[in-house]
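Novice: One structure, as structure tokens, below. Some questions next.
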Amino acid sequence: MAGKRLKLEAKEDFVKRLCQASPLDAIEELIWNSFDENAKEVEVSFKLNQLDGIEEINIEDNGHSLSYLDAAEKFTNLGQSDKVNRRRSTGEHLHGRRGEGRHKALSIGEQVTWRFTYYKGKTLYVYEIIGTSNRSDPFYLCEEKKAPPGSFCGCLVTINKINKRLGSLLESKTCNDLAARFAQFLLSYPDFELKYNNRIINPQNMILDQRKIRKYRVDYEGERYDVSISMVEWKSSTFRKEAFLCRETGIPLHKLSDTFLGSSNSGTAFIKSSLFEILDEENNLQTIENTTNDHRKEVMDSVRRKIKSHYRKQKQLKDSETINSLKIEGSYPYTKDAQSSIGKVEQHAFDMCAISINRHLPNFSDGMDAQGRTFLLRMIKETLTQDPSAVGKVMRELFKLREEDIELFADLLEDTPLSKIVHTIHLITQRLEFLKTFKAVTSLDIFEKTIYERTQLQKLISPNTWIFGEEYSLGTDDEDIRSILLKHIDILGRQHLDTEISDQDIKKIIKEYNQNRKNKETSLKRVPDFMIWKKFKERRADEYEFLVIEIKRPGVSLDTRELNQIEDYARAVSSTSLVDQDKTKWVFVVVSDSLADAAIERAHQQNMPPYTISQPSHGKYEVRAFPWSAIIQSAEGRHEFLKDRLSHNIRIETALERSQKKYQGLIPRLKKKKVG
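In my numbering, the protein residues as written are 13 to 688.
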């Protein structure tokens, strides 16, 4: 008997929709087809081309196969499968119910061949059905013949003429996706085996935790239905969070959207009810998330509430376990529970920080040893005790680092963590010593006779710009106004400074604000030593604040003359057309050992922040005048909270001795007896 082409009784657009299914969905359907035919073993394998791309996909099983007499009806009956009333040998209903599964295979390749080997009496026969995409009659039934010796009962599906990139099917996460989709079935029936790309899919070995939400009932159109939910947490982080509406037995009928479980949750949810089988038969399952039907909407709302409650309880349980484990190992910095109201608030805030660290830093629990955890948690506690407002910044610096800093922090946690933390302690110690040294440089009389050139002070500060704030990075160092403007334009992304401005233009800008002053040309010499900039975090990414600092050598007391100079400089720079005034704010600072009486009065005006001497209403710039003591005290406040925990009582003599070695040539040798 010759072969024949099979004519589908379905509209062409319906067939086309089935042929556009995702590759993994299509493979899933073919696997279910095998299990529906009582296959105990199903294997998915791949043949690769010379470029390691997928050339051919094979799905092979040892099921009952399909008799030749039934083949034509099974492959043309689109929309109603005979599986509706059939059951597996396990006694449960079959997965396929509409006869759509085989058509989805055509979404992967232009040609799909089904090779069926079945028993007719006691004799094995074999035949093929060849499917071709983009046809209203896609299947061709070949003539059957006796199977060759060594054949066995089953089905082999071969997909070739693949015209798309399917590299994702070879990734390990695809195995995880299949494990999630077949988890309930394979866990319920361990005698069945699924093998994918030479790897046996065993959900039991992949599960970290499995919990059941207490069964409840929902009302739907006058009937009551039981709903049960199983929540599975996987060992591997490569598992996607997924939620499935399932039969009562747990076999998935419909995968919900990726956002259903919420952005901060993980794992897989299997929502099981006979109601979903009814909705599936009514074609109401695919649109159930966005349904306008009040009954179906209430069903899904109840599911969301149950899952949300489950995640909340699980997080509370894990958080409690985290704190208890820290207490048991001794890394928890509180020896007993707080008794006062303030103490309880502080300890609760600390617990939140510790829990957040544990959640966001996976190696905190596994990669870091107890001593490392003890140090990190004590640092957080001290920050919380001395400056609660700084805790948020510490946490942000931990979890929102630049890419290179993320790699360094990963090394800190993974590669001999304690030694890396000791390195961090050493860095903090160096900074505390530097502050002691710098305080001496800017305040002790002995240094007025020894350090004369501001370049020495400038070079001393250059590698330690953190003294002005951790958020600052060095912009320019001892350049004239033109270079500062050039640096400003570069940061804002403009590149036309050289063709638009000259030295003469700069002199003209300065002269406009110095017409009544002597030595006009010397205005160009009033240049700041540093240009330190930062972004305004509360504004757009391309908006900046520029902090420009003019540093005076030790022994200079700021008076009216110095304040007038910095104000003139601020007006000149901020008024030039080269400054993008909509996206830039300038803060000009002059800093030295002390402030004269007139400067002190201007630095403490009503309705202005301390040390602000000018704050025009147009908002283009601000001018501030600081003594070094205020700058140093601010820096000390950021580091001193670690001092007690590090057990360092740093004396000024020791700090000077070490700094003289590090900054050789910048700080003069000093006899200890002259330093109080």
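Ideal Cβ positions, reconstructed from N, Cα and C, are used throughout, including at glycine.
Buried or exposed: residue 229, going by 16 or more other Cβ atoms within 10 Å of its Cβ?
Specialist: Under this definition residue 229 is an exposed residue.
Novice: According to the neighbour-count rule (16 or more other Cβ atoms, all chains shown, within 10 Å of its Cβ), is residue 81 buried or exposed?
Specialist: Exposed: under 16 other Cβ atoms inside 10 Å.
Novice: Go ahead and label residue 73 buried or exposed: buried means 16 or more other beta carbons lie within 10 angstroms of its beta carbon, across all protein chains shown.
Specialist: When all chains shown are included, residue 73 counts as buried.
Novice: To the nearest angstrom, report how far apart residue 605 and residue 274 are at their CA atoms.
Specialist: C-alpha separation (whole angstroms): 56 angstroms.
Novice: Going by C-alpha distance, which of 241, 266 and 377 is nearest residue 322?
Specialist: It is 241.
Novice: What does the Cβ neighbour count give for residue 48, buried or exposed, with the cut at 16 atoms within 10 Å?
Specialist: Classification for residue 48: buried.
Novice: Under three-state DSSP, which class holds residue 57?
Specialist: Residue 57: strand per DSSP, three-state reduction.
Novice: Buried or exposed for residue 223, please, with buried defined as at least 16 other CB atoms from any protein chain shown within 10 angstroms of its CB.
Specialist: With fewer than 16 Cβ atoms within 10 Å of its Cβ, residue 223 is classed as exposed.
Novice: Determine the DSSP secondary structure at residue 281, reduced to helix, strand or coil.
Specialist: Strand at residue 281.
Novice: Please go through the stretch 173-206 and give each complete alpha helix (DSSP H) segment of 4 or more residues, from N-terminal end onward.
Specialist: Runs of the alpha helix (DSSP H) inside the stretch 173-206: 184-193 and 195-200.
Novice: Among the candidates 37, 626, 571 and 573, whose CA atom is the shortest distance from the CA of residue 192?
Specialist: Among 37, 626, 571 and 573, the Cα nearest to that of residue 192 belongs to 37.
Novice: Kindly list the residues whose CB is nearer than 7 angstroms to the CB of residue 647, restricted to its own chain and excluding five residues on each side of it in sequence; keep chain order.
Specialist: Excluding sequence neighbours, residue 647 sits near 447 and 479.
Novice: DSSP on residue 35, reduced to helix/strand/coil?
Specialist: Three-state DSSP puts residue 35 in a helix.
Novice: Our contact map puts residue 66 next to residue 178 with C-beta atoms below 8 angstroms; I'd like the distance itself, whole angstroms only.
Specialist: Confirmed, about 5 angstroms.
Novice: List the endpoints of the continuous alpha helix (DSSP H) containing residue 605.
Specialist: No alpha helix (DSSP H) contains residue 605, which DSSP labels as neither H nor E.
Novice: Can you tell me the Cα-Cα spacing of residue 645 and residue 379, whole angstroms?
Specialist: Roughly 37 angstroms between the two C-alpha positions.
Novice: Using 10 angstroms around the beta-carbon of residue 2, count the other beta-carbons present and answer buried if the total reaches 16, otherwise exposed.
Specialist: Residue 2 lies beyond the range of the chain shown here (13 to 688); nothing can be said about it.
Novice: Pull up the distance between the alpha-carbon of residue 255 and that of residue 317, whole angstroms please.
Specialist: Cα-Cα distance, rounded: 14 angstroms.
Novice: Where do the ends of the beta strand (DSSP E) carrying residue 222 lie?
Specialist: 219-232 is the extent of the beta strand (DSSP E) around residue 222.
Novice: Kindly give me the distance between the Cβ atoms of residue 84 and residue 153, rounded to whole angstroms, as I take these residues to be in contact under 8 angstroms.
Specialist: With a Cβ gap of about 6 angstroms, residue 84 and residue 153 count as contacting.
Novice: Terminal residues of the continuous beta strand (DSSP E) containing residue 558?
Specialist: Segment 556-563, the beta strand (DSSP E) holding residue 558.
Novice: For residue 54, which residues from the same chain have a beta carbon less than 6 angstroms from its beta carbon, with the 5 sequence-adjacent residues on both sides left out?
Specialist: Within the same chain, residue 54 has close Cβ partners 43, 46, 73 and 206.
Novice: What did DSSP end up calling residue 327 once you bin it into helix, strand or coil?
Specialist: In this structure, residue 327 counts as helix in the three-state DSSP scheme.
Novice: What is the DSSP secondary structure of residue 237, counted as helix, strand or coil?
Specialist: Strand, per DSSP.
Novice: Going by the CB atoms, is the gap between residue 121 and residue 71 shorter than 8 angstroms?
Specialist: Their beta carbons are not under 8 angstroms apart, which means residue 71 does not touch residue 121 by this criterion.
Novice: Tell me the residue span of the alpha helix (DSSP H) that contains residue 291.
Specialist: Element bounds for residue 291: 286-293.
Novice: Shortest alpha-carbon distance to residue 189 belongs to which of 210, 201, 218 and 173?
Specialist: It is 218.
Novice: Can you tell me whether residue 370 is buried or exposed? The criterion is at least 16 other CB atoms within 10 Å of its CB, across all chains shown.
Specialist: Under this definition residue 370 is a buried residue.
Novice: Nearest CA to the CA of residue 338: which residue from 383, 569, 227 and 263?
Specialist: It is 383 whose Cα lies nearest to the Cα of residue 338.
Novice: Whole angstroms is fine: what's the gap from residue 41's alpha carbon to residue 124's?
Specialist: One C-alpha to the other measures close to 14 angstroms.
Novice: Confirm, please, whether the CB-CB distance from residue 376 to residue 385 is below 8 angstroms.
Specialist: Result yes, Cβ atoms of residue 385 and residue 376 sit closer than 8 angstroms.
Novice: List the whole-angstrom C-beta distance separating residue 603 from residue 640, where the pair is believed to meet the contact cut-off of C-beta under 8 angstroms.
Specialist: Going by Cβ atoms, the distance from residue 603 to residue 640 rounds to 6 angstroms, so yes, they are a contact pair.
Novice: Provide the residue span of the alpha helix (DSSP H) that contains residue 81, from first to last.
Specialist: Taken as a continuous stretch (DSSP letters only), the alpha helix (DSSP H) holding residue 81 covers 80-88.
Novice: Rounded to whole angstroms, what is the Cα-Cα separation between residue 560 and residue 387?
Specialist: When rounded, the distance between both Cα atoms is 37 angstroms.
Novice: Got a sec, what are the start and stop residues for the beta strand (DSSP E) residue 123 sits in?
Specialist: Element bounds for residue 123: 121-132.
Novice: Within 10 angstroms of the Cβ of residue 284, are there 16 or more other Cβ atoms? Answer buried if so, exposed if not.
Specialist: Label assigned to residue 284: buried.
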